[in-house]
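Going line by line, the protein sequences match chains A and B.
So the mapping is simple: my numbering equals the position in the first sequence, first residue as 1, plus 14.
Note that my numbering numbers the second sequence so that position 222 is 216, with each residue one more than the last.
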Amino acid sequence: MTETERAVVVGIDLGTTNSLVAYMEGDRPVVIPGVDGSNLVPSVVALDPVALDPMSAAGGRPTVTVGNSARKALIETPERVIYSVKRLMGRDLEEVRTELKFFPFRLAADIEAGEVPRIQLGELRFTPPEISAYVLRQLKRNAERFFGAPVKQAVITVPAYFNDAQRQATKDAGRMAGLDVLRLVNEPTAAALAYGLDRAKAGTIAVYDFGGGTFDISILKLCDGIFEVQSTNGDTHLGGDDIDNLLLAIALDEIHAEHGVDLRAHPGAVQALRKAAIDAKIKLSTEQAAQFDIELPNGDRYQREIPRADFELLIEPVLARTAAPCKQAMADASITPEQIDEVVLVGGSTRIPAVRALVGDLFRLRARGKKPHNELNPDEVVALGAAVQAGILAGASKTTDDMLLLDVTPLSLGIEALGGTVARIIQRNSTIPASATEHFTTGVDGQTNVAIHVLQGERELAADCRSLARFDLKGIPPMAAGLPRIEVRFLIDADGILQVSAREQRSGKASQIEVKPTYGLTDEQVENMILDSFDHAEEDFLKRLLIEARNEADTILAAVGRAPQNPAWNELSAEEQAAIAVARDRLILVKEGSDLNAISQAMVALDKATRHFAELMMDAAVSSAIRGKTMNEAGKEVDEAVTAPHAMAPAEFK
Amino acid sequence: MLKVLDSAVPVACWACSVAHNESTLFCPDCSKIQPPSSGDYFSVFGLAPRLNIDLSALEQEFHRLSRRLHPDRFARASENEKEWSLADTALLNDAYRTLKDPLRRTEYLLKLEGATTTLLQSQEKIRNQEKIQNQEKSSRAPTDLLEEVFDLNMQLEEMRRSKELGQEDPELKESLQQSKGKLQGLVEAVDLDLRAQWAIWDAGDAAARRPALHAMVALLDRRRYLSNLVRDVTEILGD
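Structure, rendered in structure tokens:
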């Protein structure tokens, strides 16, 4: 193993629906495919049927599958599968409760206020960062298999509008996965880096990032390789999901009105109908019309054509909600639409022609004879940008040597003042790292601690902002009230994470003031959640890859073994069944050997052979769910206003 | 509170031990990054405390220093150097943000000189845990505008009421538009006056500087008051 191989830093897009890992191959970023040959790893984690095998290589750790195979488990063992966990990252108990109304997952029963919430999965419980860590570990393994060498350092992207707690949770997840997270990069900025590689040297660009669950807009100034973010804005609850919900609501209403069937009472059917809505939405980006054709429980068929014009009218209010953040971002950067030279489109929702038209209007592109940029695959561009930033940090490439990203904090930082008002100490859109110094004193004689309430947000009242943390300044030397002079320094680092330090100036006891944040996981907790302790044993690296490959092979073989019991099996042709048997036997044979490549290839082959079967199984589950045989018990808590994304959203688009 | 650096105190470089007299973010001898100096924002850019600044030169210098100081450049450095890079870059960013904006720059200079505007006074007030002072808004109207402000506030109130009822009086709207235009004109006048005082300050005559400081304090207060009014009117007019 050479020094350069060891120095590889990967870039990771840890997405709500899909995740990707990429790296710099010479002077261009490249996505690293998984064992199934796909660039996208669905952000889905499934607990294996026998989760705690003390004899397993994981050494008492639960065994899980991640990605496409976990999506298949969604049908077999839905109560052991979790997806879209990004929505729960860094959220407190109350927020998670609200969010979970839209998911079929349950909170663990015995959580106390102030604790990081845990999700019940089968017989085990996981914090959101732990779930994300499993996704990250899978990406790390994909990269290690690709390089044939350990990967220990990464850049991970987050939505620009993520707050401090959400960023910290993402960093914790990286550590649990055995990754040293060198930097968190904002997703739209990462996209700009990917585009900026071969673009003109100077100019102003806007990145319009409309994904599955979030919307971000960033305005950057490019100058000789310096990417200086001028402003950023967004909406963390605005995305393609909202469009799916509209289509879903219409279908549910029409089915109720025309066929007298209220599918809302059947959560499984709602989820299945959602899949049909997503398919229709995707089709409408390329076709002039899409169709619903669904068999209902009473034997009727719900058939409906959706012309694109109707669709566009329907989604107009959702798209319009992206306009205000764009205008605010331009106002904050003190520029007019005409001053924006280029607009870059990121996120799956920007495939919708009406979105492109709106962007054209917002930035007056059409009037200026310009078109928004979409040359790079909107699903991959963020990961590619993360790889560019990884290259900058590694200092390994000529191309990235001159590049430097100067990002901003998306939200103002404030502290609660008398009367519940907020005293703003760092304004939004300040270039990070940024700092502010404030002075505090005591109100009672002999008082030895002071509490500071730190908030993030733009509103005047503390109650309307996101409470970040209550910091306790402890160990203040006892003095008369008002005499201590405690200097508190707030610093937002290059990851957008707040650091607080304090010193008492009157007595000079600088280091005695202890600053204790009151949220998130403690260092010790994170330490205990680290997934593979043997990740650190480098000498065993190839052995480890082999063990992991065998474990993965066992998981796939177990699933294939159960296949003939599934009704969908009978729909396969004899040739297909035979091909699966051949691929299965091949994998059984090679997994006993120690040829890593042969095992990987056999897994890819088996995956390909079973692909049609997996599709049939999905379709069968969907139609049986609509016919009223609910797909799973876990879906029962889904309420009427389902807004969560669906794990069955296609992983790849054409 | 930021202290003006006493540049007579020599500091030894942690890496090469050569002592240097200036506040610097890099050792002049071995080019290694240094812990943040206690220098003011102007000294970060090697500038004397002046109000007329060449903004494009400032930006160029900001980019040049960013390339050398940013934490991205120290991802593989020692823990100490990482920490200093973070602190130095925060200082550089804070300095650039303050100096590139004419009002923040003026306010900062006034603060360095010990002169404070109403806003600064309230910011500087030590926050008492029991009785934290609500940030004072400079709510006193400039005396020459008292009558106009009184009328304007009446109109704003009337507009608010009619908006609640879902009606809009075009005449009232027109009148508010006019007021807005007039207020913006007044803001521009303040900016011109400020620039005149900048020139006096920058000329460096000690006797002239004192009154210039006082004039700037008053102008900033007046400007803040006017801007708040413009904001209120813009808000009620909508876009």
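All C-beta atoms in this analysis are idealised placements derived from N, C-alpha and C, irrespective of residue type, glycine included.
Through-space distance from residue j to residue i, alpha-carbon basis
i	j	result
Ala6 (chain B)	Pro447 (chain A)	26 angstroms
Glu472 (chain A)	Ser426 (chain A)	6 angstroms
Ser70 (chain A)	Thr77 (chain A)	Confidence is the limiting factor: at Ser70 (chain A) the pLDDT is only 46, short of 50, which leaves the residue's position unreliable, though a coordinate-based value still follows. Distance between the alpha carbons of Ser70 (chain A) and Thr77 (chain A): 8 angstroms.
Val369 (chain A)	Gln305 (chain A)	21 angstroms
Ser185 (chain B)	Pro136 (chain B)	Residue 185 (chain B) is actually Asp in this sequence, not Ser. Approximately 16 angstroms between the Cα atoms of the pair.
Pro63 (chain A)	Gln461 (chain A)	56 angstroms
Asp196 (chain B)	Gln171 (chain B)	37 angstroms
Asn584 (chain A)	Asp314 (chain A)	25 angstroms
Arg288 (chain A)	Lys297 (chain A)	14 angstroms
Arg278 (chain A)	Leu432 (chain A)	48 angstroms
Leu610 (chain A)	Asp238 (chain A)	45 angstroms
Val24 (chain A)	His387 (chain A)	25 angstroms
Arg480 (chain A)	Leu512 (chain A)	14 angstroms
Leu54 (chain A)	Gln353 (chain A)	35 angstroms
Ala13 (chain B)	Ala187 (chain A)	44 angstroms
Ala84 (chain B)	Val38 (chain B)	11 angstroms
Pro118 (chain A)	Thr91 (chain A)	13 angstroms
Leu135 (chain A)	Pro367 (chain A)	39 angstroms
Proximal residues of chain B, C-beta to C-beta of residue i below 7 angstroms
i	result
Thr171 (chain A)	Within 7 angstroms Cβ-Cβ: nothing; Thr171 (chain A) doesn't reach chain B, min ~15 angstroms.
Gly507 (chain A)	The sequence shown places Asp at residue 507 (chain A), not Gly. Residues of chain B passing the Cβ test: Leu80.
Thr407 (chain A)	Note that residue 407 (chain A) is Leu in the sequence shown here, rather than Thr. Result: Asp66, Ala69.
Leu4 (chain A)	Any property of residue 4 (chain A) remains undetermined from this structure, which presents chain A solely from 15 to 668.
Cys237 (chain A)	His57
Cβ neighbour criterion (16 or more within 10 Å) applied to residue i
i	result
Ser11 (chain B)	exposed
Ala127 (chain A)	exposed
Pro143 (chain A)	buried
Ser83 (chain A)	buried
Lys157 (chain B)	exposed
Gln191 (chain B)	buried
Lys295 (chain A)	buried
Phe627 (chain A)	buried
Asp36 (chain A)	At residue 36 (chain A) the sequence reads Ala, which differs from the Asp that was named. So Ala36 (chain A) counts as buried.
Glu518 (chain A)	buried
Leu261 (chain A)	buried
Cys21 (chain B)	buried
Asp393 (chain A)	buried
Asn200 (chain A)	buried
Neighbour list for residue i in chain A, Cβ cutoff strictly below 7 angstroms
i	result
Asp88 (chain B)	Ala448, Ser449
Ala84 (chain B)	Pro447, Ala448, Ser449, Leu505
Local conformation of residue i per DSSP, three classes
i	result
His467 (chain A)	strand
Gln615 (chain A)	helix
Met38 (chain A)	strand
Gln191 (chain B)	helix
Pro30 (chain B)	coil
Phe325 (chain A)	helix
Pro92 (chain A)	helix
Glu309 (chain A)	strand
Cys340 (chain A)	helix
Gly25 (chain A)	strand
Ile511 (chain A)	coil
Glu389 (chain A)	coil
Pro351 (chain A)	helix
Glu472 (chain A)	coil
Ser33 (chain A)	strand
Ala345 (chain A)	helix
Glu356 (chain A)	strand
Ala516 (chain A)	strand
His270 (chain A)	helix
Chain A residues whose Cβ lies nearer than 8 angstroms to that of residue i
i	result
Ser60 (chain B)	Ile240, Leu418, Leu420
Where residue i meets chain A, residues with beta-carbon distance less than 9 angstroms
i	result
Arg91 (chain B)	Gln441, Ser444, Thr445, Ala448
Runs of 4 residues minimum, wholly inside the stretch 147 to 197 of chain A: which ones carry the alpha helix (DSSP H) assignment?
178 to 190
Ignoring anything shorter than 4 residues, give me the alpha helix (DSSP H) runs that lie fully in the stretch 405 to 440 of chain A, in order along the chain.
Taking 4 residues as the minimum length, the alpha helix (DSSP H) runs contained wholly in the stretch 405 to 440 of chain A are 412 to 415, in order along the chain.
Within the stretch 569 to 640 of chain A, note down every full alpha helix (DSSP H) run reaching 4 residues or more, in order along the chain.
588 to 604, 610 to 623, 625 to 640
Within the stretch 45 to 113 of chain B, note down every full beta strand (DSSP E) run reaching 3 residues or more, in order along the chain.
none
Mind listing, in chain order, the continuous beta strand (DSSP E) runs of no fewer than 3 residues lying wholly within the stretch 202 to 226 of chain A?
Runs found: 216 to 224.
What runs of the alpha helix (DSSP H), each 4 residues or longer, lie entirely inside the stretch 480 to 511 of chain A?
none
Contiguous beta strand (DSSP E) assignments of at least 3 residues, all confined to the stretch 278 to 302 of chain A:
none
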